[in-house]
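A.B. asks: Residue numbers (this note's numbering): 397 to 689.
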Ligand code: SF4
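1) Can you check whether the CB of residue 539 is closer than 8 Å to the CB of residue 510?
2) By the three-class DSSP mapping on this structure, what secondary structure does residue 615 have?
3) Taking DSSP as the reference, what is the three-state secondary structure of residue 473?
4) Is residue 463 near the ligand SF4 - that is, is its Cβ less than 7 Å away from at least one heavy atom of it?
5) In the segment 407-446, which residue ranges form an unbroken beta strand (DSSP E) of at least 3 residues, counting only runs that do not cross its ends?
6) Spell out a yes or no on whether the segment 578-593 and the segment 536-556 are touching, meaning 3 or more CB-CB pairs, one atom from each, closer than 8 Å.
7) If we count Cβ pairs, one from each stretch, closer than 8 Å, do we get three or more for the segment 402-421 versus the segment 449-468?
8) Please state whether the Cβ-Cβ distance between residue 445 and residue 403 is less than 8 Å.
9) Given a threshold of 16 other Cβ atoms within 10 Å of its Cβ, counted over all protein chains shown, does residue 487 qualify as buried or as exposed?
10) Quick check on residue 508: buried or exposed, where buried means 16 or more other Cβ atoms within 10 Å of its Cβ?
11) Would you call residue 634 buried or exposed, if buried means 16 or more other Cβ atoms sit within 10 Å of its Cβ?
12) Near residue 431, which residues of its chain fall below 7 Å by C-beta distance, leaving aside the five closest residues on each side in sequence?
13) Should residue 498 be listed as close to the ligand SF4, given that the test is whether its C-beta is under 7 Å from any heavy atom?
14) Could you check whether the segment 614-630 touches the segment 588-596, counting it as contact only if at least three pairs of C-beta atoms, one from each stretch, sit closer than 8 Å?
15) Mind pulling the beta strand (DSSP E) runs of 3 or more residues that sit fully within the segment 467-523?
16) Candidates 570, 614, 548, 606: which alpha carbon is nearest residue 526's?
17) Could you tell me the distance, in whole angstroms, from the CA atom of residue 631 to the CA atom of residue 680?
18) For a quick check, are the C-beta atoms of residue 617 and residue 666 less than 8 Å apart?
19) Quick check on residue 544: does DSSP put it in helix, strand or coil?
20) In the DSSP assignment, the alpha helix (DSSP H) including residue 533 goes from what residue to what residue?
21) I'd like to confirm something about residue 493: is its beta-carbon nearer than 7 Å to some heavy atom of the ligand SF4, or not?
22) Please confirm whether residue 575 and residue 524 have their CB atoms less than 8 Å apart.
23) What residue ranges within the segment 563-630 form continuous alpha helix (DSSP H) runs of no fewer than 4 residues, ordered along the chain?
24) Which of the three DSSP states, helix, strand or coil, is assigned to residue 449?
25) According to the Cβ coordinates, are residue 600 and residue 552 closer than 8 Å?
26) Looking at the unbroken alpha helix (DSSP H) that takes in residue 560, where does it start and where does it end?
27) Report the three-state DSSP secondary structure of residue 539 (helix, strand or coil).
28) Can the beta-carbon of residue 456 be found closer than 8 Å to that of residue 442?
29) What does DSSP give as the partner residue(s) for residue 401 in the beta ladder?
30) What's the C-alpha gap between residue 577 and residue 676?
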């Protein structure tokens, strides 16, 4: 990637296209089975990063081609109507684009949700603007129904640039965002694309986990580690960028015909908290106890 972007500058530039007053561009609305109950989702347009594995790159890179602006009330009414048809669902969210763009739109949508019968507003973010502007996070603390899911992309500044197309200095923003979320008592979780050896080698993963643990060790035990599901267009782009994902051979890939379906991943770091006791280990300790060792 040659020309690295400044995600703060790109946020402003993108907002000029995808925001108009308190309105924002959306491609469509629907549901996904995530967050246990499912979630009514608005697919917003525009982002301030350029991740190589992005699913929403078509609208991200061509946001001027989407023409439909929606006010917060219109977005809420559509999502609320979707929930009405799917009684198990009690959450709404903005996905695809970065929800923290078009701040007025987002704040008004959260405010409407807060006063409604919808259980939760899920805000999935790359954390750039929350790290850059502490007041943005402070303003969120007025709302109780919000759940922020912050997605960390990389474990070093260099890897961050390679994966997101952003300047390495921007690597710090998501970690700063975590500090801000903690400071203002916002309900949040941290996710990372760290379960996938194709996109994060063990050393980078240790670096990322260490950074999270420096902020709060408890966050490490709750870290949602994710695999990267590669849609065909993302694969094409990765090849163009010279990534070898999909061609790298890991031990599981020797399963012949299953190769294309089996994904390998690291043991999740949060499995540490399970404290599984192995029978042999238990027996050894009992024997040692008996002998007073
Ligand atoms: S932060 Fe999300 S929406 Fe933005 S480019 Fe990366 S993967 Fe795509």
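In this text, a Cβ means the ideal position worked out from N, Cα and C, and glycines have one as well. Keep in mind that this is a model prediction, so the values were computed, not measured.
C.D. replies: In short, the structure shows the following:
1) yes
2) helix
3) helix
4) no
5) 419-428, 435-440
6) yes
7) yes
8) yes
9) buried
10) buried
11) buried
12) 487, 518
13) no
14) yes
15) 487-492, 516-521
16) 570
17) 49 Å
18) yes
19) strand
20) 530-536
21) yes
22) no
23) 568-579, 598-611, 613-618
24) coil
25) yes
26) 553-560
27) coil
28) yes
29) 562
30) 43 Å
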